[in-house]
Amino acid sequence: MSPLRISTAVTTAALALVAAGCGGGGGSSSTISADGSSTVGPYVTAAAENFQKESDGVNITVGISGSGGGFERFCRGETDLSNASREIKDEEAEICASNGVEYIELQVANDALTVVVNKGNDWADCLTTDELKKIWEPGSKVSSWKQVRDGFPDNALKLFGPGTDSGTFDYFTDEIVGEEGASRTDFSASEDDNVVVQGVAGTDGGLGYFGFSYYEENQGTLKAVEVDGGEGCVAPSVETAQAGEYTPLSRPLFVYVKTDALQRQEVEDFLRYMLENETAIAEQAQFVPLNEDQIDENLGKLDEAVG
Numbered sequence: 017m018s019p020l021r022i023s024t025a026v027t028t029a030a031l032a033l034v035a036a037g038c039g040g041g042g043g044s045s046s047t048i049s050a051d052g053s054s055t056v057g058p059y060v061t062a063a064a065e066n067f068q069k070e071s072d073g074v075n076i077t078v079g080i081s082g083s084g085g086g087f088e089r090f091c092r093g094e095t096d097l098s099n100a101s102r103e104i105k106d107e108e109a110e111i112c113a114s115n116g117v118e119y120i121e122l123q124v125a126n127d128a129l130t131v132v133v134n135k136g137n138d139w140a141d142c143l144t145t146d147e148l149k150k151i152w153e154p155g156s157k158v159s160s161w162k163q164v165r166d167g168f169p170d171n172a173l174k175l176f177g178p179g180t181d182s183g184t185f186d187y188f189t190d191e192i193v194g195e196e197g198a199s200r201t202d203f204s205a206s207e208d209d210n211v212v213v214q215g216v217a218g219t220d221g222g223l224g225y226f227g228f229s230y231y232e233e234n235q236g237t238l239k240a241v242e243v244d245g246g247e248g249c250v251a252p253s254v255e256t257a258q259a260g261e262y263t264p265l266s267r268p269l270f271v272y273v274k275t276d277a278l279q280r281q282e283v284e285d286f287l288r289y290m291l292e293n294e295t296a297i298a299e300q301a302q303f304v305p306l307n308e309d310q311i312d313e314n315l316g317k318l319d320e321a322v323g
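The sequence shown begins at 17 in my numbering and counts up one residue at a time.
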């Protein structure tokens, strides 16, 4: 299968609605609604496109409002699935509970959160977590690459990253800065990772971060930076993420599903299809697949939830 391509021009159309025209024929139609992480969105979109080729009359909509925005809609009961690049927060879970929204959490893929620089950057091949903290921590005045490390050129440093509703933002700030949500604010932010891709690719001295699949899809115009978490420089890859070597920026990716929605056969079928075909979907959409134990564990959670 050829990889799922995610260009800025088609992101909104591709992720906002995955139409069910592939099924052909008539019959009743049903809709499964998902929203949330722009990192997880391409994975769920790829799964939906494949599933709909085999399932007549099922529409699957996939929004990318960010993990936080997705949980807001999910906990109001507006969506069946919430895609997330982080676990649900206590305050979000409380809102779900107050609205009578019960759910289960399924891990659907792994990720190697990737730090990228402009393709013309020939000096920053590896950055330490301390250097990344120095760049991104609240109040940071680092505005030149020379301030990052002695020997780097005195070139302007321009920052791009996810918005505050993004699970990627939460995860990165927690792991790199040491406090979730703690970040300098003078950077170009967007909930759409394709905007971050374009910003770094089009800016000399640009630096940003997002999920591994977006780097894989755009590696012709971006350069991935190796990260030194204390044990040497490690590049983001499927292999290093699965082996637990790419620390501290390897992470799980989730889909949350309402237990009420699981009473609908098409929802159960879609989630089962997603997990049973996880490796193929992950490879198609350029994600880090689950290992066999992770697949079995999450299929077990699904089986238990549907009885």
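Virtual Cβ for every residue (Gly too), placed ideally from N, Cα, C.
Listed in chain order, the non-local C-beta contacts of residue 160 below 7 Å within the same chain comprise 170, 171, 172 and 173, local neighbours out to five positions each way being set aside. When C-beta atoms of the segment 237 to 253 are compared with those of the segment 63 to 74, fewer than three pairs fall below 8 Å, so the two segments do not count as touching. Where residue 277 is concerned, there is no enclosing alpha helix (DSSP H), because DSSP gives it neither an H nor an E. For residue 211, the uninterrupted alpha helix (DSSP H) segment begins and ends at 209 to 217. The closest CA to that of residue 273, considering only 267, 266 and 284, is found on 284. Residue 143: member of the beta strand (DSSP E) spanning 142 to 144, first to last residue.
Counting every other CB atom within 10 Å of its CB across the protein chains shown gives residue 298 a total of 16 or more, marking it as buried. Taking a contact to require three or more Cβ pairs closer than 8 Å, the segment 219 to 227 and the segment 175 to 184 qualify as touching.
In this structure residue 264 does not touch residue 95 by the C-beta definition: roughly 30 Å separates them, more than the 8 Å allowed. Around the Cβ of residue 114, a 10 Å sphere holds fewer than 16 other Cβ atoms; the residue is exposed.
Taking each of 279, 236 and 270 in turn and checking the Cα distance to residue 305, the smallest one comes out for 270. Under the DSSP assignment, residue 314 falls in the alpha helix (DSSP H) whose first and last residues are 308 to 322.
Boundaries for residue 251: no alpha helix (DSSP H) harbours it, and the DSSP string shows neither H nor E there.
Taking each of 120, 102 and 148 in turn and checking the Cα distance to residue 126, the smallest one comes out for 102. With respect to the 9 Å criterion, residue 117 and residue 220 are not classified as neighbours on the basis of their beta carbons.
Rounded to whole angstroms, the Cβ separation of residue 182 and residue 153 is 18 Å, and the two are not in contact under 8 Å. Between residue 86 and residue 50, the gap from beta carbon to beta carbon is short of 9 Å. By the neighbour-count criterion, in which 16 or more other beta carbons inside 10 Å mark a residue as buried, residue 100 falls on the buried side.
Under the DSSP assignment, residue 80 falls outside any alpha helix (DSSP H); it carries neither an H nor an E label. Look at residue 104 here: in three-state DSSP terms it is coil, with no helix or strand label. If you draw a straight line from the Cα of residue 234 to the Cα of residue 213, it comes to about 8 Å. Listed in chain order, the alpha helix (DSSP H) elements of length 4 or more contained wholly in the segment 172 to 200 are 183 to 188. By the C-beta density criterion, residue 294 is buried, having at least 16 other C-beta atoms within 10 angstroms.
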